[in-house]
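Residue numbers (my numbering): 14 to 422.
Here is the structure we will look at.
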């Protein structure tokens, strides 16, 4: 994967890649180190206990949070197939519009994609059953990760702490036992948990992760060991939700708007597209054909056009191997329309600059810088600012630097 592809991936706030970078690469290591240093102010024993809990909690949660929903969705899709339905049929097509819908697409594609049409007919004739299956998929793919992260993981973690603390109390060499326990327990007991509306049924993995984060907050507050830990968990988890799912979008929009004003450069396009030589040649030669009316008709009549392929890559349009548009998939015309507008804005600015290639390279550099700045800012807020504020509030509320759940009084 090239550097541009990597930057593109971590700059896509609709994907899990920015979350992986912030969560596993920056936030968790920083939090673990800060937890040790903060609790060391109380005692070395408290620091070891708090650090062990934080390691298991953070990495155990990350495994479930990042992998739980995709894993459950695969299992649910397998179950839906066993029931004789195709999970690829988008439930948004249950609502008929002027140019797409189950009935509309069945009639339009019956001679082009007979196998896919049969799958759609099965759904059309059993709408209620299919909607219930999708509802079950949504519930299972969010509720099970929530239960694992919000209830079972903290309970197991707390039980491990109680077991170790009893050993510490009965031994004169408590600190040595703690060190051995960290090594042993980290290896052996870290958990391995690695009708409904069409809006819910078609939620992205990231949106479902936001929902599980809400459930996780409820679970963590509910399983907290005392009122001070409940207060801290409620504050910390709610702020983490904001900094993970809302702040990066605001920061990205702010940086891109600022770049447009300062450099007169539209940087709302993906870095990979700005690095696409064929796309740049199309702009230079004015050969990029785009819809002038019905978007769906254009995509169906021009499946091999550059714009159709761009929509396939950046706007969620799906084609089958024979380059016939997949009739089971919903086409988000609003998303494609906005995408087209951004391309037109970029093309206009690039031509006005007098040197399209130079303008594009500048746009790529600015966009890449914005993405890296966004990751840096949001990660700093999550990994440094939030823990610092939490420690200050803890000190004011409890009068101690130690983890509230580990305090004996």
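Built from N, CA and C at the ideal position, the CB exists for glycine as well.
In this structure, does DSSP put residue i in helix, strand or coil?
i	result
residue 72	helix
residue 378	helix
residue 44	helix
residue 394	helix
residue 29	coil
residue 202	Only weak support exists for where residue 202 lies, its pLDDT of 40 falling under 50; the value from the coordinates is given anyway. Of the three classes helix, strand and coil, the one that applies to residue 202 here is coil, per DSSP.
residue 302	coil
residue 13	In this structure the chain extends from 14 to 422, so residue 13 is not present and cannot be described.
residue 100	coil
residue 257	helix
residue 92	helix
residue 114	coil
residue 175	helix
residue 207	With a pLDDT of 33 at residue 207, under the threshold of 50, the modelled position of that residue is not reliable, and the figure given next carries that caveat. Coil at residue 207, not helix or strand.
residue 252	helix
residue 55	coil
When you compare only the Cα positions, how much space is there between residue i and residue j?
i	j	result
residue 251	residue 48	19 Å
residue 27	residue 81	17 Å
residue 203	residue 265	With a pLDDT of only 39 at residue 203, under the threshold of 50, the placement of this residue in the model should not be trusted, and no figure is reported.
residue 190	residue 91	Its pLDDT being 39, under 50, residue 190 is placed unreliably in this model, and the coordinates cannot settle the point.
residue 149	residue 129	23 Å
residue 364	residue 383	23 Å
residue 331	residue 339	6 Å
residue 144	residue 106	12 Å
residue 273	residue 235	46 Å
residue 403	residue 140	49 Å
residue 380	residue 393	20 Å
residue 17	residue 408	44 Å
residue 67	residue 281	38 Å
residue 22	residue 30	6 Å
residue 39	residue 102	38 Å
residue 263	residue 388	12 Å
residue 170	residue 19	35 Å
residue 244	residue 405	13 Å
residue 152	residue 71	24 Å
residue 24	residue 385	8 Å
residue 111	residue 323	24 Å
residue 337	residue 285	25 Å
residue 95	residue 85	15 Å
residue 168	residue 104	38 Å
residue 401	residue 50	12 Å
residue 317	residue 307	17 Å
Which stretch, first to last residue, makes up the alpha helix (DSSP H) that contains residue i?
i	result
residue 332	Where residue 332 is concerned, there is no enclosing alpha helix (DSSP H), given that its DSSP letter is neither H nor E.
residue 125	From DSSP, residue 125 is part of no alpha helix (DSSP H); its letter is neither H nor E.
residue 110	Residue 110 -> no alpha helix (DSSP H), and no H or E assigned at all.
residue 357	346-366
residue 406	399-411
residue 267	260-276
residue 143	140-160
residue 327	319-327
residue 17	16-24
residue 342	First-last for residue 342: undefined, no H or E at that position.
residue 308	308-314
Leaving out the 5 sequence neighbours to the left and right, which residues in its chain are closer than 6 Å to residue i when beta-carbon positions are compared?
i	result
residue 303	320, 353
residue 142	none
residue 186	In this predicted model, residue 186 has a pLDDT of only 48, less than 50, meaning its place in the structure is not dependable enough to derive any value.
residue 37	75
residue 372	363, 366
Just to confirm before moving on: does the CB-CB distance between residue i and residue j stay below 8 Å?
i	j	result
residue 233	residue 246	yes
residue 395	residue 256	yes
residue 328	residue 296	no
residue 172	residue 418	no
residue 399	residue 249	yes
residue 270	residue 377	no
residue 46	residue 52	no
residue 346	residue 309	yes
residue 333	residue 126	yes
Excluding five sequence neighbours on each side, which residues of the same chain lie with their C-beta closer than 8 Å to the C-beta of residue i?
i	result
residue 294	300
residue 119	130, 133, 134, 137, 340
residue 8	Lying before the first or after the last residue shown, residue 8 is absent from the chain, which here runs from 14 to 422.
residue 413	55, 407, 420
residue 178	62
residue 355	279, 281, 282
residue 276	375, 379
residue 175	none
residue 44	67, 71, 396, 400
Leaving out five residues on either side along the sequence, give the residues of the same chain with a beta carbon under 7 Å from the beta carbon of residue i.
i	result
residue 98	135, 136, 143, 146
residue 260	391, 394
residue 369	293, 296, 297, 363
residue 117	109
residue 239	417, 418
residue 242	417, 418
Can you find a C-beta in chain C that's less than 8 Å from the C-beta of residue i?
i	result
residue 287	Considering every chain present, this structure includes no chain C. It has just one protein chain.
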